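**Student:** Before anything else, here's the structure in question.
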Amino acid sequence: EKDGHKHFMAKEIAEQPTAIDRALANYLAQDNSIVLPEALDFSQIERLTLVACGTGYYSCLVAKYWFEQIARMPVEVDVASEFRYREPPISADTLAVFVSQSGETADTLAALRYTEGKAKQIAGLVNVPESSIARESDIVLPIKAGPEISVASTKAFTCQLTVLLLMALKAAEVRGHALPENVLEDMRALPGLVHQAIAAENSIQAMARDLAGARDVIFLGRGALYPIALEGALKLKELSYIHAEGYASGELKHGPIALIDETVPVVVMAPRDALFEKTVSNMQEVMARGGKVILVTDAEGAKMAGDGVHATIVLPALPDVLAPILYAVPAQQIAYYTAIAKGTDVDQPRNLAKSVTVE
Ligand code: F6R
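The numbering of the sequence shown is full-length UniProt numbering, which starts it at 244 and goes up by one.
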């Protein structure tokens, strides 16, 4: 049942190329038109509210960058447990999107019910199409990841991102904004790139043995890679019980840098993009304080980073807009191999449940 893998998590990480392909096939036609449910009309919507818990929340954070930059639409993102009790005003031109792998998360379902009669439309982005969140949504967008057994979410995350990006591109198209050049062709190349990223696991395995001895780990990222830093930290906490925090790289000097010494590894998620040089200077600040930098980047980024980096994980280069999807893979693998090195229960971490149906 694990297809020769040691854990469901390893199987589900490895399934990502196929899962993303399935999500693409569901929403992207041969002629490169994006096919979403007809009821979803972005010309009638002025803003989005995205709500989820845990890893789904990080999908929403990435989607905020995409909807804002590509479709020029304002986006609010919140965790469901806060959203449901805050009584946020929802304008009648809002599309409320609830992202949930299981479709049964109690807080997310309650948040959905709060928006009933307030938002223009309610969309459920779920992996389980017969779930409560799907049933109560006006529009259901299955992410097509296939059954996810491991408690830690992996392929559901990359499939959520894939579908959210297609939504943002559709919104841009409908609202008359140019799409990033070649983006749909590039998306078709994603499964192959994810496959290559998975193969970077040898360098991760070696590095994870180091990480397993750490008490605290910091993850940094900028732009749409910031939520991936948060996801990397969440995965590491869940699986290895090591305290980890994700920060926006630019926030480092506003506090967290006080934590840095030779015992605190810093994982930097940084493809070679327009902001790369700023990230290099953040890394130098870390290294100047004895911190061990683990850099996740592409070949050009690795070259530009220069000396002093403790370890580098090299991923294939790809267009900026797609980077969050690819960089999710090492975020998962770092946690996976660190947990293996520590000997914790990867598929069934302590205190966690796959589906959180109680508040
Ligand atoms: C993280 C993880 C959890 C879930 C969260 C929401 O690896 O699995 O943080 O993402 O409990 O669950 P769903 O998506 O089912 O609503």
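All residues carry an ideal CB built from backbone N, CA and C; glycine is no exception.
From a predicted model like this one, the values you see are computed outputs, not experimental measurements.
Can you tell me the Cα-Cα spacing of Arg431 and Leu267, whole angstroms?
**Tutor:** In the sequence shown, counting from the first residue as 1, residue 431 sits at position 188. In the sequence shown, counting from the first residue as 1, residue 267 sits at position 24. C-alpha separation (whole angstroms): 7 Å.
**Student:** Is it true that the CB of Val417 sits closer than 9 Å to the CB of Ile386?
**Tutor:** Position 143 of the sequence shown, counted from the first residue, corresponds to residue 386. Position 174 of the sequence shown, counted from the first residue, corresponds to residue 417. Not in contact: Ile386 and Val417 (Cβ atoms no closer than 9 Å).
**Student:** Are there three or more Cβ pairs, one per stretch, closer than 8 Å when the segment 266-286 is compared with the segment 389-399?
**Tutor:** no
**Student:** In whole angstroms, what is the alpha-carbon distance linking Arg327 and Ala339?
**Tutor:** Here residue 327 corresponds to residue number 84 of the sequence shown, with the count starting at 1. Here residue 339 corresponds to residue number 96 of the sequence shown, with the count starting at 1. For Arg327 and Ala339, the distance between alpha carbons rounds to 13 Å.
**Student:** Give me the Cα-Cα distance between Arg593 and Ala455, rounded to the nearest whole angstrom.
**Tutor:** Within the sequence shown, numbered from 1, the residue matching residue 593 stands at position 350. Within the sequence shown, numbered from 1, the residue matching residue 455 stands at position 212. Straight-line Cα distance between these residues: approximately 17 Å.
**Student:** Quick one: which unbroken alpha helix (DSSP H) runs of 4-plus residues sit fully inside the segment 344-380? Chain order, please.
**Tutor:** Runs of the alpha helix (DSSP H) inside the segment 344-380: 349-358, 375-378.
**Student:** Could you give the first and the last residue of the continuous alpha helix (DSSP H) run that contains Thr405?
**Tutor:** Here residue 405 refers to the residue found at position 162 of the sequence shown. First-last of the alpha helix (DSSP H) with Thr405: 398-417.
**Student:** DSSP has Thr292 in a bridge; who is on the other side?
**Tutor:** Walking along the sequence shown from the start, residue 292 turns up at place 49. According to DSSP, Thr292 bridges with Glu319, Ala339.
**Student:** Identify whether Ile500 lies in helix, strand or coil by the three-state DSSP scheme.
**Tutor:** Numbered from its first residue, the sequence shown carries residue 500 at position 257. Helix at Ile500.
**Student:** Quick check: is any heavy atom of the ligand F6R less than 8 Å from the C-beta of residue 220?
**Tutor:** Nothing in the structure corresponds to residue 220, since the chain is present only between 244 and 602.
**Student:** Enumerate in chain order the residues of its own chain whose CB-to-CB distance from Leu518 is below 7 Å, with the five nearest sequence positions on each side excluded.
**Tutor:** The residue given as residue 518 occupies position 275 in the sequence shown. Arg465, Gly466, listed in sequence order.
**Student:** Please name the residue, chosen from Leu409, Ala354, Ile503, that lies closest to Ile263 on a Cα-to-Cα basis.
**Tutor:** Against the sequence shown, residue 263 aligns to sequence position 20. Closest by alpha carbon: Leu409.
**Student:** Give the secondary structure of Val394 by DSSP, where H, G and I count as helix, E and B as strand, and everything else as coil.
**Tutor:** As a working mapping, residue 394 is identified with position 151 in the sequence shown. In the structure shown, Val394 sits in coil (DSSP, three-state: anything other than H, G, I, E or B).
**Student:** What are the boundary residues of the beta strand (DSSP E) that Ala442 is part of?
**Tutor:** Working through the sequence shown from its first residue, we reach residue 442 at position 199. Counting along the chain, Ala442 falls outside any beta strand (DSSP E), and DSSP gives it neither H nor E.
**Student:** Can we say the segment 494-503 touches the segment 328-347, given the rule of at least three CB pairs closer than 8 Å?
**Tutor:** No: the two stretches stay apart, fewer than three of their Cβ pairs being nearer than 8 Å.
**Student:** Restricting to Cα atoms, I'd like to know which of Lys245, Thr358, Arg356, Gln403 is closest to Tyr300.
**Tutor:** For the purposes of this step, residue 300 is taken as the residue at position 57 of the sequence shown. The residue with the shortest Cα to Cα distance from Tyr300 is Gln403.
**Student:** Drop a sphere of 10 angstroms on the beta-carbon of Arg356, count the other beta-carbons inside from all chains shown, and report buried for 16 or more, exposed for fewer.
**Tutor:** As a position in the sequence shown, residue 356 is number 113, starting the count at 1. By the neighbour-count rule (16 or more Cβ atoms within 10 Å), Arg356 is not buried but exposed.
**Student:** Using alpha carbons as the reference points, say which of Lys398, Gly533, Ala353, Thr397 lies closest to Glu379.
**Tutor:** The sequence position of residue 379 within the sequence shown is 136, counting from 1. For the residues Lys398, Gly533, Ala353, Thr397, the minimum Cα distance to Glu379 belongs to Ala353.
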